[in-house]
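Engineer: Chains as they are written, first to last, in the numbering used here: chain A, 25 to 369; chain B, 1181 to 1535.
1. When you compare each of 40(A), 139(A), 257(A), 305(A) to residue 68(A) by their alpha carbons, which one comes out closest?
2. Note down, in chain order, all residues in the region 315–343 of chain A with a beta-carbon under 9 Å from any beta-carbon belonging to chain B.
3. Is residue 1178(B) close to chain A? Criterion is C-beta to C-beta, closer than 8 Å.
4. Please classify residue 58(A): does DSSP put it in a helix, a strand, or coil?
5. Taking Cβ to Cβ, would you say residue 247(A) is nearer than 8 Å to residue 259(A)?
6. Using beta carbons (cut-off 8 Å, strictly below), is residue 263(A) in contact with chain E?
7. Taking residue 195(A) as the reference, give the member of 294(A), 94(A), 256(A) with the closest Cα.
8. Can you pull the DSSP bridge partners for residue 296(A)?
9. Can you check whether the CB of residue 1424(B) is closer than 8 Å to the CB of residue 1443(B)?
10. Enumerate, from N- to C-terminal direction, the unbroken alpha helix (DSSP H) stretches of 4 or more residues contained entirely within the region 1464–1500 of chain B.
11. Would you identify the three-state DSSP class for residue 253(A), choosing helix, strand or coil?
12. Between residue 338(A) and residue 133(A), what straight-line distance do the alpha-carbon atoms span, to the nearest angstrom?
13. Report yes or no: is there a C-beta of chain B within less than 8 Å of the C-beta of residue 150(A)?
14. Is the beta carbon of residue 1623(B) less than 8 Å from the beta carbon of residue 1239(B)?
15. Taking all protein chains shown into account, do 16 or more other C-beta atoms lie within 10 angstroms of the C-beta of residue 1212(B), making it buried, or fewer, making it exposed?
16. Which residue's Cα is closest to the Cα of residue 273(A): 283(A), 317(A), 121(A)?
17. Exposed or buried, what is residue 350(A) when buried is set at 16 or more other beta-carbons lying within 10 Å of its beta-carbon?
18. Going along the region 1210–1232 of chain B in order, which residues come within less than 7 Å of chain A, judged by CB to CB distance?
19. Using 8 Å as the threshold, is the C-beta distance between residue 345(A) and residue 1398(B) below it?
20. Tell me which residues share the same chain as residue 363(A) and place their Cβ nearer than 7 Å to its Cβ, disregarding the 5 neighbours each side in the sequence.
21. Could you check where the beta strand (DSSP E) with residue 157(A) kicks off and where it finishes?
22. Residues in the same chain with beta-carbon distance under 7 Å from residue 1248(B), minus the five sequence neighbours each way, listed in chain order, please.
23. For residue 261(A), which of helix, strand or coil comes out of DSSP?
24. In angstroms, rounded to a whole number, what distance separates the CA positions of residue 1268(B) and residue 1471(B)?
25. By the three-class DSSP mapping on this structure, what secondary structure does residue 203(A) have?
26. Report yes or no: do three or more beta-carbon pairs, one from the region 73–82 of chain A and one from the region 116–126 of chain A, lie closer than 8 Å?
27. Give the residues from the region 1183–1208 of chain B that approach chain A closer than 7 Å (Cβ to any Cβ), ordered along the chain.
28. Just to confirm before moving on: does the CB-CB distance between residue 285(A) and residue 181(A) stay below 8 Å?
29. What are the start and end residues of the beta strand (DSSP E) that includes residue 1411(B)?
30. Quick one: residues in its chain with C-beta nearer than 7 Å to the C-beta of residue 25(A), no 5 flanking neighbours on either side, listed in chain order?
31. By Cβ distance, which residues of its chain are closer than 6 Å to residue 1325(B), with the 5 residues on each side in sequence left out?
32. Can you tell me where the beta strand (DSSP E) with residue 314(A) in it begins and where it stops?
33. Alpha carbons only, please: which of 101(A), 189(A), 89(A), 331(A) is nearest the one belonging to residue 43(A)?
34. Helix or strand or just coil, what does DSSP make of residue 324(A)?
35. Is the CB of residue 1316(B) under 8 Å away from at least one CB in chain A?
36. Identify the contact partners of residue 153(A) in chain B, using a Cβ-Cβ distance below 7 Å as the criterion.
Written out as structure tokens, the structure reads:
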């Protein structure tokens, strides 16, 4: 393996891109890792603790940073990709600043964008001060200060699942898969940080299909006394004292409910990144019904695109967690090595 | 407050609709001329005589049958043909911009146009039904606006001519306005409403342009209590009034000076159920033991511009507007309130609220 030669451009310096770049470099390939932001790490940088074991996000970030310390890796941060062409077997990548990078293969790890919660206007994100997203709450966990706009500690907190996921109105029929477990994790962390607070999760279905997720869900109910209400929040407003008032339906009890809250956390779903969509259009890459990149085969080619020599890894293909993203990046590396060794020749 | 306003402006900017500037084919409401007789009159006078616009009414225009449709007695194919006939009258009169006075009708027109867009077979069938029944043909309107959209469009022109702003004459404070949008204005198709469905701007934009302060209260989006079958089925009327009570209880702590509506049904129910609730349990939702006047946007525009409140028909409301008139500093004559145009005294209703 170390005597491999060839070059790969990896677009996107988040979890998938960093892991893949490290593995490709170790295999002897020359890698250019292009990241549009100034810093590497993608959304992982925003996450204080990870589910299900509440490991600090920084630990995984440190691992990934170590992965890319390699002489075979050239880093281009703060740099976007304008487009690319395939000439014969070669890829020509044009960067926004005008650079031209040649490569034998391309790996797109352009990740996801968090659903813009203000699109669900009825939840009042961007209108009411104490309506925040799961990402905003992670920032609060980071800073150690969980408080309302007026500086007081919230005592009654609501969490809304499926914001922008499984929602025909916003055009996202798919499940973002991570929001349920994120809600459970964040509910537990809220209870730990604010001992006296009450937490209510409003869910459609609890989709706890990952290792140790169900155990975490049980712990949230039994140990932490978090209330799970099966029903969607229909609207959010404020009352005379500017406290949030939500309306929801408890579908198990079969009745509507109204509740005053201090803080409302929206579990924003995942969407194909705007950057990914631009590249899809520029390179005529196929996208699926969910607008993520469509793999050439759902079972055997989840890293392969409709363009020979161009591969995908991570959440640009579907919502996935960190563990799955790292595994997906490694399987992309395996496909790229096979391509360089046989298909390309 | 800053975040609320900035956030709302962002949403409003995404829900801008094109509102024609002139040459309107005007379609009236079935009930407004009875309950709020000055409203449509103000609209026509303002548009024709103040702004100099061309607004045409065709005497062959009929009900849209929306109340029957929502009451499950008029089938969809029938109402589509009736609306198609209205479009045929518009075509025959040489107009392309429709201006709709009623929110129920506006909802019906938008629903039918969207149906035709997504199911062209239904449009073809409707053309056939109309032609077979009447020999008429029609075009889809180039521009469709509710008349509150049109007053919204010209709100600054009204502000420029204002004689009585929405400001308390004694304190100098802005009057507190509850804006209530008819459900069928934008809740079905947010793209057809100014500002969308969740934080509509059509009435709040008027209230702010005329000096008032719009209040946001928990039941702002709640139904007025009409809801068609909530009221049309007699056994459901308790449900209708309890919805209205819920809404007024929610706005009460904010001490609103008036409720501003753009829907005939909402105006009627928020006005008349206040009377009923007061009779039933003695509750008045306004300040100083008064009930809250409920005005149409045309009536409010007329007051702002200095029209005589009795020419605007405010005396025909169940909740009288005198407390509001005094706060705004509007000149009015108590003696002339129930007099005809030629000075004859009409019967004076007993037990008027707020009078």
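Note that beta-carbon positions come from the ideal geometry of N, C-alpha and C, so glycine has one too.
These numbers were taken from a predicted model, which means no experiment stands behind them.
Structural biologist: So, from the listed chains and residues:
1. For the purposes of this step, residue 68(A) is taken as the residue at position 44 of the first chain. Residue 68(A) has its Cα closest to that of 40(A), out of 40(A), 139(A), 257(A), 305(A).
2. none
3. Residue 1178(B) lies beyond the range of chain B shown here (1181 to 1535); nothing can be said about it.
4. Within the first chain, the letter at position 34 stands for residue 58(A). Here residue 58(A) sits in strand by DSSP.
5. By one-based count along the first chain, residue 247(A) stands at place 223. By one-based count along the first chain, residue 259(A) stands at place 235. No. Outside cutoff.
6. The displayed structure is made up of protein chains A and B, and chain E is not among them.
7. One-based indexing of the first chain puts residue 195(A) at position 171. Of the listed residues, the one whose Cα sits closest to residue 195(A) is 294(A).
8. For the purposes of this step, residue 296(A) is identified with residue 272 of the first chain, where counting begins at 1. 136(A).
9. Here the question's residue 1443(B) lines up with position 263 in the second chain. Here the question's residue 1424(B) lines up with position 244 in the second chain. Not closer than 8 Å, so no.
10. 1477–1485
11. Counting from one through the first chain, the residue named residue 253(A) turns up at place 229. In this structure, residue 253(A) counts as strand in the three-state DSSP scheme.
12. Looking up residue 338(A) in the first chain gives position 314. Looking up residue 133(A) in the first chain gives position 109. Those two C-alpha atoms are separated by around 6 Å.
13. Here residue 150(A) refers to the residue found at position 126 when the first chain is read from its first residue. So yes, residue 150(A) belongs to the interface.
14. Past the boundaries of the shown model lies residue 1623(B); chain B is included only from 1181 to 1535, so the question cannot be answered.
15. The count along the second chain starts at 1 and reaches residue 1212(B) at position 32. Burial call: buried.
16. The residue you call residue 273(A) lines up with position 249 of the first chain. It is 283(A).
17. Here residue 350(A) refers to the residue found at position 326 when the first chain is read from its first residue. That one is buried.
18. none
19. As a first step, residue 345(A) must be located in the first chain, where it is residue number 321. As a first step, residue 1398(B) must be located in the second chain, where it is residue number 218. No, Cβ-Cβ distance for residue 345(A) and residue 1398(B) is not below 8 Å.
20. Numbered from its first residue, the first chain carries residue 363(A) at position 339. Taken in chain order, the residues that qualify are 129, 333.
21. Against the first chain, residue 157(A) aligns to sequence position 133. Element bounds for residue 157(A): 155–157.
22. One-based indexing of the second chain puts residue 1248(B) at position 68. Within the same chain, residue 1248(B) has close Cβ partners 1254.
23. Numbered from 1 along the first chain, position 237 holds the residue referred to as residue 261(A). Strand.
24. For the purposes of this step, residue 1268(B) is taken as residue 88 along the second chain, with counting starting at 1. For the purposes of this step, residue 1471(B) is taken as residue 291 along the second chain, with counting starting at 1. Roughly 44 Å between the two C-alpha positions.
25. As a working mapping, residue 203(A) is identified with position 179 in the first chain. Three-state result, residue 203(A): helix.
26. no
27. 1183, 1184, 1187, 1188, 1190, 1191
28. One-based indexing of the first chain puts residue 285(A) at position 261. One-based indexing of the first chain puts residue 181(A) at position 157. Result yes, Cβ atoms of residue 285(A) and residue 181(A) sit closer than 8 Å.
29. For the purposes of this step, residue 1411(B) is identified with residue 231 of the second chain, where counting begins at 1. It is not in any beta strand (DSSP E) - residue 1411(B) instead sits in the alpha helix (DSSP H) that spans 1409–1412.
30. As a position in the first chain, residue 25(A) is number 1, starting the count at 1. The predicted model places residue 25(A) with a pLDDT of 48, which falls under 50 and marks its position as unreliable; any figure quoted below should be read in that light. Once the five neighbours on either side are set aside, the close Cβ partners of residue 25(A) are 51, 52.
31. Within the second chain, numbered from 1, the residue matching residue 1325(B) stands at position 145. The answer, listed in chain order, is 1199, 1279.
32. Translated into positions along the first chain, residue 314(A) becomes position 290. No beta strand (DSSP E) holds residue 314(A); DSSP gives it neither H nor E.
33. The residue you call residue 43(A) lines up with position 19 of the first chain. Ranking the options by Cα distance to residue 43(A), first place goes to 89(A).
34. Sequence index remark: in the first chain, residue 324(A) carries index 300 (1-based). Three-state result, residue 324(A): coil.
35. Locating residue 1316(B) in the second chain gives position 136, where the first residue counts as 1. Chain A, which has no Cβ nearer than 8 Å to the Cβ of residue 1316(B), makes this no.
36. On the first chain, residue 153(A) is found 129 positions in, with the first residue counted as 1. Going along chain B in sequence order, the residues near residue 153(A) (Cβ under 7 Å) are 1183.
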